[in-house]
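Line by line, the protein sequences are chains G and L.
Mapping to this note's numbering: the first sequence position 40 is 133, numbers consecutive.
Mapping to this note's numbering: the second sequence position 245 is 338, numbers consecutive.
Before any comments, here is the structure.
Number of protein chains: 2
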Amino acid sequence: MREVPLIIVGIGGVGRMLLAQIISKRRLHAERYGVTLGVIAVCDSRSAVLELGQGINDANLEDVIELKAAGGSLDEHALGGREYAGLAELVTAVGRPGVIVVDLTATEHTIPGLLYSVEQGYRIVMANKRPLTATQEVYDRLTRAGVTVGGRQGEDGTDYKQLLPVRWETTVGAGLPVISTQQRLVASGDQVHRIAGAFSGTLGYVMAGLEEGRAFSAIVREAYDQGYTEPDPRDDLSGADVARKALILARGLGWSLEMSKVDVTPLYPAELDNLSVEEFLDALPALDSAWAEQVQAAQNEGAALRYVARIEDGQCVVGPAAVAKSSPLGNLSGTDNLIEFHSRWYSPTPLVIQGRGAGIEVTAAGVLSDIIELTTIRYR
Amino acid sequence: MREVPLIIVGIGGVGRMLLAQIISKRRLHAERYGVTLGVIAVCDSRSAVLELGQGINDANLEDVIELKAAGGSLDEHALGGREYAGLAELVTAVGRPGVIVVDLTATEHTIPGLLYSVEQGYRIVMANKRPLTATQEVYDRLTRAGVTVGGRQGEDGTDYKQLLPVRWETTVGAGLPVISTQQRLVASGDQVHRIAGAFSGTLGYVMAGLEEGRAFSAIVREAYDQGYTEPDPRDDLSGADVARKALILARGLGWSLEMSKVDVTPLYPAELDNLSVEEFLDALPALDSAWAEQVQAAQNEGAALRYVARIEDGQCVVGPAAVAKSSPLGNLSGTDNLIEFHSRWYSPTPLVIQGRGAGIEVTAAGVLSDIIELTTIRYR
């Protein structure tokens, strides 16, 4: 049985679900993969609970889940949450060969700790998009194969390159196998010349409503009232989160591209940015007729309006677009995510992956798959 | 740079394409993955060309491609094709730690060699479905994680289990990420309660034609004339190949199931099995009205007739079935493959993968992806 130590950073909904799954799948992981996952550290933004050696026992992990679900801080945990200055400090203190660092936060603050982990040859799983959408240099150091790892040398005494033991499947489409599929296409030498996808359930809901002929303002108001949007619906409607996913896909094709070069069209004009949420919602009816016209124009061409990310010809473009009704994206309705890979071998019909692309269950499940895959990857 | 020795068994269209891709992607594989693929043996059914050490050079590999494309035997190769009794003998003679054995045949004869390879801790890639659809015992020994590998011991002195370094992505849906996705779902502890899929481009073509109201006999005759079917179209219409794929998926869920328990309904009655191909095609018009009725019955229910594999409730059923028109399978038309995974987390809408599911390009590309992935997997 191989014991694999984990450092888990960020204990929101996904983190709690992940801990619960680690506990409940111990037998599966032992019998099928010969692996025991030992959580040696869990951290929220302020403090960490540590138990080196074989890791925090399940009773204490369950206490962590309960504590955080109730809105508490790890400070209050029986194992005595310790304050820590940042992930780098924590990993320096408790990291050890074979550790997997799991970043479930949504912040750039983890970048130094992740870079340190890569340099040590530790393995990393990221659900956090921010490190991958920071500068190209950070992306390359975190993910790019061909990097000489930590100045270490191969068995033959020469520096050697290797595929970094790093996974970030859930940053695009949650548990859907988007990143791994892209990596397989790249490894096979296939030429991906176009990616098009819908990566926001909320925006999918808005576009489906528009297609049914409903008013833009009414759809957004309803989605907000039902809790389908972020607390500030502009965080969805700005397209910024979709843009981050598009950038991760573009970089995954080997492109060098900064976030500032991603061309994003929000679903509302910039002058609404300074309003309060209520003022913003009240201002939306002024946009209704323009949206109805756009939808009608697309339908007149036999097309459908979708909020899509397109990566092709060196351009990464995110915004509303008319797509052929007969295409996979045109067939999509509702909140599922969908990605089309158009390549030399997948042409004229693309390789398509479709399904729920958000939610704590599928995200936690995808992170757990990443962890299990990494336990089989060589590291040094 | 890590040198990875390959033994490639079977040099048909996929094998030649794979060799061509290995040659043309050397720079990609070196720069991105730090890997050099060295083909130390290629074999057809009778003989092998060997060059141990760093592998056969590219000029000689190109000669192999040319020779086999022209219908020749490796006997005639400049490096002197050597006769060999079987894969087991060959692997025993030339296998070495770190080798990847690539089975591109469509025969059970490779099973002893593959089992020997697994016992040695060698890595395996199979495009060949036969070893995975032989007895459950063979399947388990070839693929099942949790097997103690070759009596070897872990670093701590105890026997240990590990995920076997074995890949068989292209056995279902060619290059589509079907097996890897299933493995990710299983590893995450998600409960897959239903798989439904269309895994034959030829049968997809037939069903699409029926939906358009064409006569069954005319569609099959046309597909045969155009070369879309096997030389004997019954090899497609029997559903046997789809049944093998269904069995591989069922076993991938952890089921123990033998081929004889897969419930297969062919597209023609058993009494046509003894006819010649021409007699068979001439006999088909007698089936036309029954097919037209089945299609009509499905349409009357708002459903569409597809040739599907269904894996659920302990049953593995392959045959024509009415599926909801609004479902991903109901939306499918043409020759693409499609798979729906219905699970605890992917519900009510399934996780869907769709795209070209056959052809030498996508199959060779999928095999190459498997090889590159395996180069990162620990072995001993």
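Backbone N, C-alpha and C fix where the C-beta goes; we use that ideal spot for every residue, glycine too.
For residue i and residue j, what's the separation of their Cα atoms in angstroms?
i, j, result
"S281/G", "G450/L", "16 Å"
"V142/L", "A181/L", "16 Å"
"F373/G", "R337/G", "24 Å"
"P441/L", "G306/G", "25 Å"
"S273/G", "E262/G", "7 Å"
"C136/L", "A457/L", "16 Å"
"L111/G", "L461/G", "7 Å"
"P98/G", "M219/G", "16 Å"
"Q319/L", "Y298/L", "12 Å"
"K161/G", "G148/G", "19 Å"
"E96/G", "E176/G", "26 Å"
"V445/L", "H435/L", "9 Å"
"A333/G", "G164/G", "28 Å"
"I278/L", "R437/L", "The sequence as given places Leu at residue 278/L; Ile does not occur at that position. Looking at the two C-alpha atoms, the distance is approximately 10 Å."
"P324/G", "V128/L", "48 Å"
"G146/L", "D233/L", "32 Å"
"P205/G", "V231/G", "10 Å"
"V265/L", "I464/L", "17 Å"
"Q270/G", "N150/L", "Looking at the sequence provided, one finds Pro at residue 270/G rather than Gln. Rounded to whole angstroms, P270/G to N150/L spans 36 Å at the Cα level."
"S166/L", "N221/L", "21 Å"
"P44/L", "L208/L", "Nothing in the structure corresponds to residue 44/L, since chain L is present only between 94 and 473."
"P378/G", "P326/G", "15 Å"
"R119/L", "L130/L", "8 Å"
"D406/L", "H286/L", "7 Å"
"A376/G", "P413/G", "20 Å"
Taking 8 Å as the CB-CB cut-off, is residue i touching chain G?
i, result
"R277/L", "yes"
"V218/L", "no"
"E454/L", "yes"
"R287/L", "no"
"I100/L", "no"
"G244/L", "Its pLDDT being 42, under 50, G244/L is placed unreliably by the model, and the measurement read from it follows with that caveat. Output row for G244/L: interface = no."
"W261/L", "no"
"L167/L", "no"
"G302/L", "no"
"I470/L", "yes"
"D429/L", "yes"
Can you round the beta-carbon distance between residue i and residue j to whole angstroms, since I take them to be within the 8 Å contact cut?
i, j, result
"K418/L", "A385/L", "The pair is not a contact, with the Cβ atoms about 18 Å apart (cut-off 8 Å)."
"P443/L", "E454/L", "At roughly 27 Å, the Cβ-Cβ gap does not stay under 8 Å, so P443/L and E454/L are not in contact."
"A291/L", "R399/L", "6 Å"
"E466/L", "R260/L", "6 Å"
"I116/G", "I470/L", "Wrong, their Cβ atoms sit about 27 Å apart, outside the cutoff."
"T198/G", "G268/G", "The pair is not a contact, with the Cβ atoms about 18 Å apart (cut-off 8 Å)."
"G188/G", "S210/G", "7 Å"
"G294/G", "N393/G", "About 27 Å; that fails the 8 Å criterion."
Under a CB-based cut-off of 8 Å, is residue i close to chain L?
i, result
"K418/G", "no"
"I465/G", "yes"
"N424/G", "yes"
"G450/G", "no"
"Q114/G", "yes"
"T442/G", "yes"
"G105/G", "no"
For residue i, go through chain G and note every residue whose CB falls closer than 8 Å to its CB, in chain order.
i, result
"V445/L", "V445, I446, Q447, G448"
"L461/L", "A280, S281, G282"
So which residues of chain L does residue i contact, with C-beta pairs closer than 7 Å?
i, result
"I204/G", "Per Cβ cutoff of 7 Å: no residues; I204/G is ~23 Å from chain L at best."
Mind listing the chain G neighbours of residue i? Cutoff is C-beta to C-beta under 7 Å, in chain order.
i, result
"P324/L", "Here the premise fails: no neighbours, minimum Cβ distance about 25 Å."
"D283/L", "A458"
"Y439/L", "G448, R449"
"S273/L", "P270, S273"
Starting from residue i, find everything on chain L with Cβ-Cβ shorter than 9 Å and list it in chain order.
i, result
"Y209/G", "The premise fails here: Y209/G is roughly 22 Å from chain L at the closest Cβ pair, so nothing lies under 9 Å."
"T295/G", "Those within 9 Å of T295/G in chain L number zero; the least Cβ separation is about 16 Å."
Please list, in chain order, the chain G residues whose beta carbon lies closer than 9 Å to that of residue i.
i, result
"I193/L", "Near I193/L there are no residues of chain G at all, since even the closest Cβ is about 14 Å away, more than 9 Å."
Please find out if some non-hydrogen atom of the ligand ZN comes closer than 7 Å to the beta-carbon of residue i.
i, result
"G188/G", "This structure lacks the ligand ZN; in fact it carries no ligand of any kind."
Mind the definition here: the stretch 208–227 of chain L touches the stretch 176–196 of chain L only if three or more C-beta pairs lie below 8 Å; say whether that holds. yes
| query | On the three-pair Cβ rule with 8 Å, is the stretch 400–410 of chain G touching the stretch 350–361 of chain G? | reply | The stretch 400–410 of chain G, when compared against the stretch 350–361 of chain G, does touch it at the 8 Å Cβ threshold.
Where the stretch 116–132 of chain G meets chain C: residues whose CB sits under 9 Å from a CB there: The displayed structure is made up of protein chains G and L, and chain C is not among them.
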